[in-house]
Amino acid sequence: MSVLYWAGRGLTKLRGLKDADDYPAENVLFVASGDPLVGDLWDDQNYYAAYHCAEVRYFSFRDLWTCNNWIIGLAYLVGATEALLDAGVAVPFRDFFIWSDGGWVAGPETSARLAAEFAEWDERAKTVAYEDFYGIYVRMREMFEWCALDGAVCCRSVG
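Mind the numbering: the sequence shown is residues 38 to 196 in this note's numbering, read in order.
Here you go:
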């Protein structure tokens, strides 16, 4: 089962959800959640909206196991635990752990924060010796850097 992340940039907010019909589905992002966690990750605060994206890229893991193990490795690297996250403690990559656990959309501000954290932890990430940890780290950093100015990232498929 592969894991596919969709990343779009050049976001333009559409006037209404029906306006999305005018664009290819690949270039449309729907934000449709009222969960309060999304407010931490989606910057617009408009949870029922559609956006057109000028550019789209895909980032993928070869399988779910690799994806999950990489996330666990990242948490271990930065000392993030589920208890700390649940308590709301500010830990490195907090937005990433919330985002990856819930399948939310990370907007441009969140993407920029995460890109900065990936850059800050880069040297330490190089020291992790299992599988392709650093290679995946670089791909994830690139994904958030690519969306940092005016984009968004979400998981589009697991399977």
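C-beta atoms are modelled at their ideal positions from N, C-alpha and C, and glycine is treated no differently. All values reported here derive from a predicted model rather than from experimental measurement.
Does the distance from the CB of residue i to the CB of residue j come in under 7 Å?
i    : j    : result
A152 : F133 : no
G188 : R94  : no
F98  : V165 : no
W183 : A91  : no
Can you list, in chain order, the residues of its chain whose CB lies under 7 Å from that of residue i, leaving out five sequence neighbours each side?
i    : result
A185 : P145, S148, A149 and A152
R176 : F96
T49  : Y88 and H89
R52  : none
E168 : none
Here's the rule I'm using: 16 or more other beta-carbon atoms within 10 Å means buried, otherwise exposed. How should residue i be labelled?
i    : result
I109 : exposed
W107 : buried
L111 : buried
V30  : The structure shown does not extend to residue 30, since the chain is modelled only from 38 through 196, so no value can be given for it.
A120 : exposed
A162 : buried
A127 : exposed
A117 : buried
Here's a check: name, in chain order, each residue in its chain whose Cβ is nearer than 6 Å to the Cβ of residue i, leaving out the five neighbours to either side.
i    : result
E154 : P129 and F130
I173 : W107
R178 : F155
F170 : G110
Ordered along the chain, which non-local residues of its own chain (more than five positions away) have a Cβ less than 8 Å from that of residue i?
i    : result
L78  : Unreliable positioning characterises L78 in this predicted model, as indicated by a pLDDT of 47, which lies under 50. A coordinate reading is not provided.
E157 : P129
V115 : V128, P129, F130 and W158
Grab the span of the alpha helix (DSSP H) containing residue i for me, first residue to last.
i    : result
W107 : L101 to V115
A120 : E119 to D123
Hey, could you find the ends of the beta strand (DSSP E) residue i is sitting in?
i   : result
V40 : V40 to K50
Check: At what residue ranges does the segment 153-182 contain a whole run of the alpha helix (DSSP H), taking only runs of 4 or more?
Finding: Fully enclosed alpha helix (DSSP H) runs of 4 or longer: 159-162.
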